[in-house]
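Below is one structure; the comments refer to it alone.
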Amino acid sequence: MENLKDVILQYVIKEYLEEDSEPIDYRTPLISGGIVDSFSMVSLKRFLENKYNIQIPDEKATPEAFDSVNKIASLVEEFIGRKG
Amino acid sequence: MAYPDAIRNLYQAQLKSIQDAGLFKQERFIHSPQAADIEVEFPAGAPVKKVINMCSNNYLGMSSHPEVVRAAHEGLEKRGYGMSSVRFICGTQDIHRELELRMTEFLGTEDTLLFPSCMDANAGVFEAVLTKDDVMISDRLVHASLIDGIRLCSAMHDTFKHSDMAHLEEKLKLHADKRLKMVITDGVFSMDGDTAKLDEMVALCDKHGAMILVDDSHASGFIGKTGRGTHEKYGVMGKIDIITTTFGKALGGASGGCVSGRRELVEMCRQRARPYLFSNTIAPVVISGVLKVMEILSASTERRDKLEANTAYWRKGLTEAGFILKEGDTPIVPVMLFNAKLSQDFSRALYEEGIYAIGFFFPVVPQGQARIRTQISAGHEIHHLDRALEAFIKVGKKFNILGKTKQEIVQMYGQ
Chain C
243 MENLKDVILQ
253 YVIKEYLEED
263 SEPIDYRTPL
273 ISGGIVDSFS
283 MVSLKRFLEN
293 KYNIQIPDEK
303 ATPEAFDSVN
313 KIASLVEEFI
323 GRKG
Chain Y
706 MAYPDAIRNL
716 YQAQLKSIQD
726 AGLFKQERFI
736 HSPQAADIEV
746 EFPAGAPVKK
756 VINMCSNNYL
766 GMSSHPEVVR
776 AAHEGLEKRG
786 YGMSSVRFIC
796 GTQDIHRELE
806 LRMTEFLGTE
816 DTLLFPSCMD
826 ANAGVFEAVL
836 TKDDVMISDR
846 LVHASLIDGI
856 RLCSAMHDTF
866 KHSDMAHLEE
876 KLKLHADKRL
886 KMVITDGVFS
896 MDGDTAKLDE
906 MVALCDKHGA
916 MILVDDSHAS
926 GFIGKTGRGT
936 HEKYGVMGKI
946 DIITTTFGKA
956 LGGASGGCVS
966 GRRELVEMCR
976 QRARPYLFSN
986 TIAPVVISGV
996 LKVMEILSAS
1006 TERRDKLEAN
1016 TAYWRKGLTE
1026 AGFILKEGDT
1036 PIVPVMLFNA
1046 KLSQDFSRAL
1056 YEEGIYAIGF
1066 FFPVVPQGQA
1076 RIRTQISAGH
1086 EIHHLDRALE
1096 AFIKVGKKFN
1106 ILGKTKQEIV
1116 QMYGQ
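Read top to bottom, the protein sequences are chains C and Y. Each residue of the first sequence is one higher than the one before, starting from 243 at the first, in my numbering. Each residue of the second sequence is one higher than the one before, starting from 706 at the first, in my numbering.
Written out as structure tokens, the structure reads:
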């Protein structure tokens, strides 16, 4: 089974980074670090909802919750867990 | 309202940090009409200096055209100075309707609605036609006015990498479940001077059932064989659902803008767009000027042809001299310098040589992408361009950037 953090990291790299961008890791601040515009989070949110068959309420999809791969993975795991 | 020292100090500290970062903008004061040759006071209080203007949106040289000025005078006499009203109350004259009909014909659309500016058109259009059940998918380099309008709209918003058609298609598929989809782009991108691939975008929108909006402010009047805009260039006239554009650039340079496109979408703006409902109508003098501009441009392609020739001459000259340019064939020609302070010093040195061109840096362009954005006009003659090239080369040698790569320039000056 794919590692959740790697799936998120690869999506962020493919979606938001250019060829000459600085490399990122699981802890890199994405939104507060200016890599991802908070308005661009929507495609990451939809990608995760579709891939893991979950619904993340808008009030949980905050810039703080999406500010690193680690934080995003925690949020996704919370909703995968709720599916049971 | 109370403005205690604590608040004053707070803002003074913010302004100082902008200055310290080399990002502070200063105005220049122009003592003449807009043209290729202008007279400038800079800094404030300095003697007025004659310079060649290389950075206006006066692409067709219409901003001070004598026939346009005469038509504006006649408009003042016949229709007065101000309307003191929004459009729908008592702010619509016969000449407003005439201009809307004229733009509809020129752009090849079904209907047109005037706005006080294209900034206002972009601020109002999305909220007027889309709801929270819909999605807006915009190019990542769209103009700030489109971003502002997108933020005012309750529809979902996503972006695609600049001009990346594969990425756009991914997003169209990702959001297939939304009620309506609208793809949003500039026709000509204002900072880089490249064009949107409208033929490919229209094909993708047709395939995925999406509407398309194009802001053609840096194209109307001169892009395409007869200057209709980017949609003419890419052979998709009649296929753009909404075009927004301005009268503040090639089409006279005074003010005003419009939404033009599908009849129902334009009518929704007339009924619901907040800048239309709540902002004062375009003054009669401006409408009269724009009507004359449209008459002149519709009669002949002479001006847009001259602009095209001037642009090719300018790009060739700069490229041969060893400057790094953004690729493209529009009259927006960015000379890349990458460092904000360098772009300001370069601009100042050009000014000493009698050439007026401004440094662009963050937040107007991304960090590390500072430039001098030159803009060519049909009002330029060859002697203007030769003089400007001479100055650019002299200043380029002074800063030792001619023939250098981006890495070499960044190594010398930082990013």
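Ideal Cβ positions, reconstructed from N, Cα and C, are used throughout, including at glycine. Owing to the predicted nature of the structure, the values given are computational and were not obtained by experimental measurement.
| query | result |
| --- | --- |
| Interface flag, LEU879 (chain Y) vs chain C, CB-CB below 7 angstroms | yes |
| 3 or more residues per run - each beta strand (DSSP E) lying fully within the region 898 to 946 of chain Y | 916 to 920 |
| With 16 other Cβ atoms within 10 Å as the buried cut-off, status of ARG1020 (chain Y) | buried |
| Under 7 angstroms (Cβ pairs) to chain C, residues found in the region 857 to 878 of chain Y | MET861, HIS862, ASP863, THR864 and LYS876 |
| Min CB distance SER285 (chain C) to chain Y below 7 angstroms | yes |
| Supposed contact pair ASN1015 (chain Y) and LEU1090 (chain Y) - C-beta distance, whole angstroms, cut 8 angstroms | 6 angstroms |
| Proximity of ILE987 (chain Y) and LEU819 (chain Y) at Cβ, strictly below 7 angstroms | yes |
| Per-residue DSSP class, three states only, for VAL1070 (chain Y) | coil |
| Beta-bridge pairing of HIS862 (chain Y) - partner residues as DSSP gives them | Y:MET841 |
| Cβ shell of GLU905 (chain Y) (< 8 angstroms), same chain only, five flanking positions each side left out | MET870 |
| Run of the alpha helix (DSSP H) containing SER1125 (chain Y), from where it starts to where it stops | Outside the shown range of chain Y, which is 706 to 1120, sits residue 1125 (chain Y), and nothing can be said about it. |
| Identity of the residue in Y:TYR716, Y:GLY994 and Y:ILE1077 nearest VAL1100 (chain Y) by Cα | Y:ILE1077 |
| Top-ranked residue by Cα proximity to PHE983 (chain Y), from Y:GLN798, Y:SER722, Y:ILE794 and Y:HIS778 | Y:ILE794 |
| For VAL990 (chain Y) and GLY780 (chain Y), believed in contact at Cβ under 8 angstroms, the rounded distance | 5 angstroms |
| MET283 (chain C) versus THR900 (chain Y): straight-line alpha-carbon distance, rounded | 26 angstroms |
| Continuous beta strand (DSSP E) stretch holding GLN1080 (chain Y): start and end | 1075 to 1080 |
| Extent of the continuous beta strand (DSSP E) to which LEU1042 (chain Y) belongs | 1037 to 1043 |
| Cross-chain neighbours of SER282 (chain C) in chain Y, by beta carbon under 9 angstroms | ARG845, HIS862, ASP863 and THR864 |
| Under the three-state DSSP convention, the category ASP1091 (chain Y) falls into | helix |
| CB contact flag (VAL830 (chain Y), VAL964 (chain Y), <7 angstroms) | yes |
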